[in-house]
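Just below is one structure, and these are the notes that go with it.
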Amino acid sequence: MAYSNFTLETAVEKFRLEKFETLGIFSEIAPVDPSAHLITALAKKVPLAASINTEKARSELIVADILVELRERYENRISFFSGIDFNVDSENGLTGVCDFLISLSPAQLYLEAPIIMLVEAKKEDLTVGLGQCAAEMLAAQRFNAVKENEIPRIYGTTTSGTDWRFLKLEEQNLHIDIEPYQIAQCDKILGILSSMVEQKA
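Adding 114 to a residue's 1-based position in the sequence shown gives its number in my numbering.
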C-alpha cells in the first residue's frame with residue numbers, strides 16, 4: 115500500500131482520526147499580495163495549463179510558481195520538494211512519492227522538517243486526493259516526531275492548480291475546509307500557505 119491507495123475513509127479508519135468538515139476554516143486568514151512577477155506568470159500560464167489539461171501541466175505551470183513565490187517570500191528560509199520519495203512507515207502504507215511538500219528548513223538537498231503536503235487532484239477532483247493527502251500529513255507528523263521537530267500542526271492541500279482545498283492535522287484531529295479557493299484568489303491562497311508556514315492557520 116502507498117499514499118495514493120488511501121481514500122479519506124480508509125485513512126480516517128486506519129489511523130483512528132477524528133474528522134471535522136468545516137466551511138471556511140481558513141477564510142479569516144489575511145490575503146498576501148502576489149508579486150508582479152507571479153501575477154504576470156499566472157496570467158500567461160493558467161490559460162495554457164487549462165488548454166493542455168493534464169496534471170503535469172497544471173503542476174509545472176501553476177503550482178510550482180506559487181510555491182517558488184512562497185519560498186522567496188520567506189527569503190529561502192523554507193524549502194520545497196517535488197516528486198520525492200517519502201517512505202516513513204511501510205507497515206502502515208505510509209510510503210510513496212509526494213507531488214509537492216514544503217519544509218520548515220532552508221535545506222534543499224534533503225528533507226528535514228515537512229509541514230505542508232500538496233497533492234495533485236486527479237481529474238481535477240479535489241475530493242479524490244483527500245485520502246492521499248491525509249496519509250501524507252500523518253507521515254509528516256511521524257517523521258517530525260522521530261526527528262524531534264517541534265511542529266504541532268501539519269497542513270495539506272489538494273489542488274488542480276486552478277482550485278485549492280486545505281486541510282490541517284493536529285494530533286489525531288483532521289480538519290478539512292470544504293470551501294475550495296480558485297486561482298483568481300491567488301492572494302488568499304498565498305495568505306493561507308503563509309499562515310501555515312508560520313503555524314498560525
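Glycine residues also receive a C-beta, built at the ideal position from the N, C-alpha and C atoms.
Counted as a single uninterrupted DSSP element, the alpha helix (DSSP H) harbouring Ile153 occupies residues Ala150 to Ile166. Taking all protein chains in view, the Cβ of Gln296 is surrounded by fewer than 16 other Cβ atoms within 10 Å, so the residue is classified as exposed.
In the structure shown, the three-state DSSP call for Asn190 is coil. Taking a C-beta distance under 8 Å as the contact criterion, Gln286 and Ile268 do not qualify as a contact pair. Of Ala249, Phe257, Asn263 and Leu223, the smallest CA-CA separation from Leu131 is found for Ala249.
Considered as a whole, the stretch 237 to 268 harbours 244 to 261 as its complete alpha helix (DSSP H) runs of no fewer than 4 residues, in chain order. By the criterion of at least three beta-carbon pairs nearer than 8 Å, the stretch 155 to 164 is not in contact with the stretch 184 to 203. In the structure shown, Asn201 falls within a coil segment according to DSSP collapsed to helix, strand and coil. Residue state for Ser308 is assigned as helix, using DSSP reduced to three classes. Here Lys133 carries a strand assignment [DSSP, helix/strand/coil]. With contacts defined by Cβ atoms closer than 8 Å, Pro294 and Asp277 form a contacting pair. Shown here for Phe134: same chain residues with a beta carbon closer than 6 Å to its own, the five before and five after excluded, namely His289 in chain order.
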